[in-house]
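S.K.: Take 2 as the starting number for the sequence shown in my numbering and just add one per residue. I have a structure I would like to understand better, so I am pasting it below and will then ask my questions one at a time.
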Amino acid sequence: MVDCKELCQRLGGDDPDVLRDAAYEAGEIGCLEAVPFLARLLCSHNLGVQEAADRALRRIGGKEVVTAVKPLLRSDDAPSRNASMDILRAVGGQDFPTLLELLHDADPDIRIFASDILGSTASRQAVAPLGEALLKDPEVNVRYQAAVSLGELAFSEAAVCLGKALGDDEWVQFAVIEALAKIRDASSVGVLVKALDHSSDLVASMIVDALGEIGNIKAVTMLLKRMDASPEVLRNKIVKAVVHILGGKALTLLSPDERERFCGYLLAALGDDEEDVQDAAVSGLGSVGGEAAAGAVLVHAARIDRDRHPERYEHAVAALREMGLTEAVGAALRQGSDAMRLAALDVLHGLPCPEGTSLLMDAFASLPGPIRPVAARALAAISGQEAVGFFLDMLHGDDEDLLLEAVAFLGGKMRLPAAGDALFDLLAHPSDAVKEAALDACVAIGGETLDGRFRQLFESDEPMDRLMAAYALGKMGLRDHMDVIRAALNDPVPDIRKIALEALGEMCGHEEEGLALIVSGLSDENRDVRLAVVELLGGCDSDRIYPYLEQALFDADDWVRVRAMEALGLRGEREAVGRLVELAGEDGKLVALKAVETLGDIGGPEASQALLGIASGDDPELAGVAEAAIARLQDEQGER
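If you want it as structure tokens, here you go:
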């Protein structure tokens with residue numbers, strides 16, 4: 002066991018390494034005799050020594066540490082003084098008498114430090130002395146710090162003395178109000194409201210914010226009585242506080258007269274310079290409702306930069322939805338600016354009701370071209386069968402964005418068989434986006450009619466027609482269309498053969514017929530087709546896949562072999578180790594490096610042995626990859 006006396010001798014030296022180690026050991030064994038030495042080391046210019054002494058003193062703690070460290074509070078060396086403050090914040094509560102002695106020191110700076118330290122003790126014992134300092138100390142900064150510390154402690158017992166200090170200098174009042182807000186004691190509500198009568202505008206504003214944070218419903222009536230006599234800025238703050246206390250829906254608890262008056266205040270607060278006041282007004286207006294409220298919030302929403310403030314914009318839209326479908330929303334959609342129309346459409350998008358559907362369809366023709374797709378999207382979101390005719394008519398237009406919305410509604414949402422032929426005709430549309438959307442819509446609808454049309458389309462001389470047909474029939478029921486899929490596997494166009502292979506993916510590993518058709522693609526003349534086969538095989542949940550992936554390791558194309566190795570590595574196929582070792586010796590670096598990496602992915606004794614051999618070889622690049630693979634295997638096995 003380490004001897005304390007020996008540690009003290011070492012702590013009296015000047016070798017930084019020795020001092021650092023000794024300080025650490027002193028902390029570990031709680032050596033009280035070392036405390037004076039450790040306190041002196043806080044003044045060391047060696048940061049490592051200073052940190053070791055600091056850590057040790059915190060660990061030892063107790064009256065001895067407080068006594069040894071407190072003289073440093075008077076040091077002219079800022080780092081030493083700050084270190085002593087931090088330590089006393091951590092352990093000062095273990096020696097309250099010393100802290101109280103410091104709180105009555107002749108030096109005001111020491112009293113400030115003591116007030117700060119007491120706020121970190123988390124002890125109710127600190128409340129009374131801090132309260133006395135708050136009310137009686139002649140130095141304003143001591144009183145300020147005492148209020149801050151009482152707020153940090155947040156014990157309700159401090160509310161009384163904090164309330165008494167609301168008549169102090171403004172600087173102190175700021176800290177007092179913030180402390181009361183943290184304590185959240187009901188008894189402070191009346192005191193804070195009463196202080197509004199003799200406070201400056203700035204202090205009054207802080208008091209109102211604090212009442213909002215405290216959230217006690219008793220404050221509401223008191224605040225409402227002061228609204229008429231308050232200047233506009235303070236009145237808006239009161240609005241925010243009342244909304245915060247009551248919450249949106251609870252505003253309905255106000256009497257009709259109070260609610261009408263308060264609605265006027267809410268409308269005024271919407272024009273405040275502070276965003277949090279505006280947001281509170283939006284919340285209140287959303288609950289109060291009415292045409293005036295809806296119109297004002299719509300104008301407000303239209304002014305918000307939705308890219309910079311998406312949350313504030315969504316908040317306004319949510320408030321408008323809470324009010325329901327108002328005439329203001331309809332007027333904004335029909336006659337408003339583009340920004341107003343977009344805001345109205347965002348409201349309608351989340352407000353499903355028959356009236357909203359009718360409004361959108363009636364107003365659609367009068368909307369500017371760029372806004373119509375947004376309106377169509379909103380209509381699709383809230384409507385059903387009643388909008389089918391509207392969207393069917395839209396299919397005859399030439400606006401690509403509108404076509405996409407109509408296709409998504411009729412095929413994706415409604416899956417309407419009656420729209421099948423019109424959607425199928427869009428497969429000839431010049432836009433790839435429309436073509437793809439129509440294809441997916443036809444697949445979603447399905448049925449005998451579309452089945453027949455796709456079979457007919459597969460007979461086309463156009464490769465794109467055959468590709469779309471093979472894709473659709475594969476999605477609409479693979480087993481019912483195996484004749485088409487087999488034919489597609491022999492199509493002269495590689496992309497069509499790939500589509501057929503992808504369709505067979507659901508049979509991979511589960512049905513012999515499907516696996517046989519897939520692996521036939523390993524002999525395809527096109528590299529991309531063979532790559533597609535390897536990727537499919539890599540994802541197959543079957544123990545019959547290895548021979549085919551091994552076959553791919555002999556492919557003439559390097560990338561096919563690389564993808565095959567990746568699949569083998571993911572599957573952990575240890576049978577492949579021998580072939581991978583051979584590939585690691587090839588001249589082509591791409592294949593050789595991937596082979597070494599895959600050996601690491603597979604692991605096991607045989608692969609590890611092979612990696613050790615490669616790591617000691619002459620090729621530095623291969624050796625580096627092998628060493629990294631070995632290290633990874635060791636990490637996985639917990640050997641490093």
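C-beta atoms are modelled at their ideal positions from N, C-alpha and C, and glycine is treated no differently. Just so we're clear, the structure is a prediction, and the values are computed from it rather than from any experiment.
Apart from the five residues on each side of it in sequence, which residues of its chain come closer than 8 Å, Cβ to Cβ, to R307?
M.R.: As a first step, residue 307 must be located in the sequence shown, where it is residue number 306. Within the same chain, R307 has close Cβ partners Y314.
S.K.: Among E628, G370, P17, whose alpha-carbon lies nearest the alpha-carbon of Q610?
M.R.: Position 609 of the sequence shown holds residue 610. Here the closest residue by C-alpha is E628.
S.K.: Return the chain-ordered list of same chain residues with a C-beta closer than 6 Å to the C-beta of V582, the five sequence neighbours on each side being excluded.
M.R.: Taking the sequence shown and counting its residues from 1, the one referred to as residue 582 is at position 581. Closer than 6 Å at the Cβ level, and outside the excluded window around V582, lie A611.
S.K.: What residue range does the alpha helix (DSSP H) around N83 cover?
M.R.: Stepping through the sequence shown from its first residue, residue 83 is reached at position 82. Its alpha helix (DSSP H) spans residues 79-92.
S.K.: Since K241 and A269 should fall inside the 8 Å C-beta cutoff, what is the C-beta to C-beta distance between them, to a whole number of angstroms?
M.R.: Taking the sequence shown and counting its residues from 1, the one referred to as residue 241 is at position 240. Taking the sequence shown and counting its residues from 1, the one referred to as residue 269 is at position 268. Going by Cβ atoms, the distance from K241 to A269 rounds to 12 Å, so no, they are not a contact pair.
S.K.: Hey, could you find the ends of the alpha helix (DSSP H) A230 is sitting in?
M.R.: In the sequence shown, the residue the question calls residue 230 occupies position 229. Careful: A230 lies outside any alpha helix (DSSP H) and carries neither H nor E.
S.K.: What residue does the alpha helix (DSSP H) around M465 start on, and which one ends it?
M.R.: Start at 1 with the first residue of the sequence shown, and residue 465 comes out as number 464. Counting along the chain, the alpha helix (DSSP H) containing M465 begins and ends at 464-476.
S.K.: Looking at C-alpha atoms only, which residue of P495, A445, A488 is the closest neighbour of A473?
M.R.: As a first step, residue 473 must be located in the sequence shown, where it is residue number 472. Checked all of P495, A445, A488; the closest Cα to A473 is A445.
S.K.: Can you list, in chain order, the stretches of the beta strand (DSSP E) that have 3 or more residues and sit fully within the region 335-368?
M.R.: none
S.K.: Are the CB atoms of R322 and G296 nearer to each other than 8 Å?
M.R.: As a position in the sequence shown, residue 322 is number 321, starting the count at 1. As a position in the sequence shown, residue 296 is number 295, starting the count at 1. Not in contact: R322 and G296 (Cβ atoms no closer than 8 Å).
S.K.: So, under 8 Å CB-CB, L490 and E507 are touching, yes? Tell me the CB distance rounded to an integer number of Å.
M.R.: Counting from one through the sequence shown, the residue named residue 490 turns up at place 489. Counting from one through the sequence shown, the residue named residue 507 turns up at place 506. So it is not a contact: roughly 15 Å between Cβ atoms.
S.K.: Taking its Cβ as the centre, do 16 or more other Cβ atoms sit within 10 Å of V19, making it buried, or is it exposed?
M.R.: What you label residue 19 is simply residue 18 of the sequence shown in a count that begins at 1. Looking at its Cβ environment, which holds fewer than 16 other Cβ atoms inside 10 Å, V19 is exposed.
S.K.: Exposed or buried, what is G93 when buried is set at 16 or more other beta-carbons lying within 10 Å of its beta-carbon?
M.R.: On the sequence shown, residue 93 is found 92 positions in, with the first residue counted as 1. Label assigned to G93: buried.
S.K.: For R125, does the count of other Cβ atoms within 10 angstroms reach 16, so buried, or fall short, so exposed?
M.R.: Looking up residue 125 in the sequence shown gives position 124. Exposed: under 16 other Cβ atoms inside 10 Å.
S.K.: Helix, strand or coil, according to DSSP, for S188 in the structure here?
M.R.: Looking up residue 188 in the sequence shown gives position 187. In this structure, S188 counts as helix in the three-state DSSP scheme.
S.K.: Find the nearest neighbour of D620 within the set A115, F425, A585, judged by alpha-carbon distance.
M.R.: Numbered from its first residue, the sequence shown carries residue 620 at position 619. Ranking the options by Cα distance to D620, first place goes to A585.
S.K.: S201: buried (16+ other C-beta within 10 angstroms of its C-beta) or exposed?
M.R.: Counted from its first residue, the sequence shown places residue 201 at position 200. With fewer than 16 Cβ atoms within 10 Å of its Cβ, S201 is classed as exposed.
S.K.: Can you say whether A53 is buried or exposed, counting buried as having 16 or more other CB atoms within 10 angstroms of its CB?
M.R.: Indexing the sequence shown from 1 puts residue 53 at position 52. Around the beta carbon of A53, 16 or more other beta carbons sit within 10 angstroms, so the residue counts as buried.
S.K.: Could you spell out the range, first to last residue, of the alpha helix (DSSP H) harbouring A565?
M.R.: On the sequence shown, position 564 is the one that residue 565 refers to. 559-572 is the extent of the alpha helix (DSSP H) around A565.
S.K.: Please say whether K590 and M566 have beta carbons closer to each other than 8 Å?
M.R.: On the sequence shown, position 565 is the one that residue 566 refers to. On the sequence shown, position 589 is the one that residue 590 refers to. No.
S.K.: Classify F459 as helix, strand or coil using the three-state DSSP reduction.
M.R.: By one-based count along the sequence shown, residue 459 stands at place 458. Residue state, collapsed to three classes: helix.
S.K.: Classify Q51 as buried or exposed, calling it buried when 16 or more other Cβ atoms lie within 10 Å of its own Cβ.
M.R.: Within the sequence shown, the letter at position 50 stands for residue 51. The residue in question, Q51, is buried, as its Cβ has 16 or more Cβ neighbours within 10 Å.
S.K.: CB of T327 to nearest heavy atom of the ligand FMN: below 7 Å?
M.R.: Summarising the ligand content, the structure contains no ligands, and the ligand FMN is consequently not present.
S.K.: Quick one: what does DSSP say I305 is sitting in, helix, strand or coil?
M.R.: Position 304 of the sequence shown, counting from 1, holds the residue named residue 305. In this structure, I305 counts as coil in the three-state DSSP scheme.
S.K.: Quick one, are the C-beta atoms of A616 and I603 less than 8 Å apart?
M.R.: For this step, residue 616 is matched to residue 615 along the sequence shown. For this step, residue 603 is matched to residue 602 along the sequence shown. Not closer than 8 Å, so no.
S.K.: Reducing DSSP to helix, strand and coil, say where G385 ends up.
M.R.: Taking the sequence shown and counting its residues from 1, the one referred to as residue 385 is at position 384. If DSSP states are grouped into helix, strand and coil, G385 belongs with coil.
S.K.: Are the CB atoms of I383 and P353 nearer to each other than 8 Å?
M.R.: Within the sequence shown, residue 383 is the residue found at index 382, counting from 1. Within the sequence shown, residue 353 is the residue found at index 352, counting from 1. For I383 and P353, yes; Cβs fall inside 8 Å.
S.K.: On the CB-based measure, 16 or more other CB atoms within 10 Å of its CB, does F263 come out buried or exposed?
M.R.: Residue numbering aside, residue 263 sits at position 262 when the sequence shown is read from its first letter. Under this definition F263 is a buried residue.
S.K.: Which stretch, first to last residue, makes up the alpha helix (DSSP H) that contains K414?
M.R.: Mapped onto the sequence shown, residue 414 falls at position 413. Counting along the chain, K414 sits inside no alpha helix (DSSP H), nor does DSSP assign it H or E at all.
S.K.: Whole-angstrom Cβ separation of R562 and L532, contact assumed at under 8 Å?
M.R.: To locate residue 562, count along the sequence shown from 1; it is residue 561. To locate residue 532, count along the sequence shown from 1; it is residue 531. With a Cβ gap of about 10 Å, R562 and L532 do not count as contacting.
S.K.: Where does L203 land, buried or exposed, given buried means 16+ other C-beta within 10 angstroms?
M.R.: The residue given as residue 203 occupies position 202 in the sequence shown. Under this definition L203 is an exposed residue.
S.K.: In whole angstroms, what is the alpha-carbon distance linking G49 and A127?
M.R.: Position 48 of the sequence shown, counting from 1, holds the residue named residue 49. Position 126 of the sequence shown, counting from 1, holds the residue named residue 127. Their backbone Cα atoms lie some 34 Å apart in a straight line.
S.K.: Spatial neighbours of V592 within its chain, please: CB distance less than 6 Å, with the 5 preceding and 5 following residues excluded, ordered by chain position.
M.R.: On the sequence shown, position 591 is the one that residue 592 refers to. If we look at V592 and ignore the five residues flanking it on each side, its Cβ neighbours are D559, R562, L584.
S.K.: Starting from S200, follow the alpha helix (DSSP H) in both directions and report where the run begins and ends.
M.R.: The residue given as residue 200 occupies position 199 in the sequence shown. Per DSSP, S200 belongs to no alpha helix (DSSP H) and is neither H nor E.
S.K.: T122: buried (16+ other C-beta within 10 angstroms of its C-beta) or exposed?
M.R.: The residue given as residue 122 occupies position 121 in the sequence shown. It is buried - the Cβ of T122 has at least 16 other Cβ atoms within 10 Å.
S.K.: The alpha helix (DSSP H) with L403 in it runs from where to where?
M.R.: Against the sequence shown, residue 403 aligns to sequence position 402. From DSSP, the alpha helix (DSSP H) with L403 extends over 401-408.
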